[in-house]
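For the sequence shown, our numbering gives the first residue as 4, with consecutive numbering after it.
Cβ atoms here follow ideal geometry from the backbone N, Cα and C, with glycine treated the same way.
As the structure is a computational prediction, the values presented were derived from the model and not from experiment.
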Amino acid sequence: MVGDALTTCQNAGDVGTAIGVGLIIALWVAVDIILGITYGVYLLARRQRA
């Protein structure tokens with residue numbers, strides 16, 4: 004490939020990489036939030052009642 008076709012192909016690859024990285028980060032954040040909420044519920048369930 005040469006010219007505009009090469010540029011378009013490279014740009015499409017960059018966009019795909021950005022989307023993939025974004026999905027990985029979003030999944031990481033979602034799992035982190037779920038684990039944080041679960042740990043909070045666990046701590047509340049184990050605390051001593053006065």
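- Within its own chain, the residues whose Cβ lies closer than 7 Å to the Cβ of residue 4, once the five positions on either side in sequence are excluded, are 12, listed in chain order.
- Per DSSP, reduced to three states, the secondary structure at residue 50 is coil, with no helix or strand assignment.
- Distance from the CA atom of residue 23 to the CA atom of residue 44, rounded to whole angstroms, is 32 Å.
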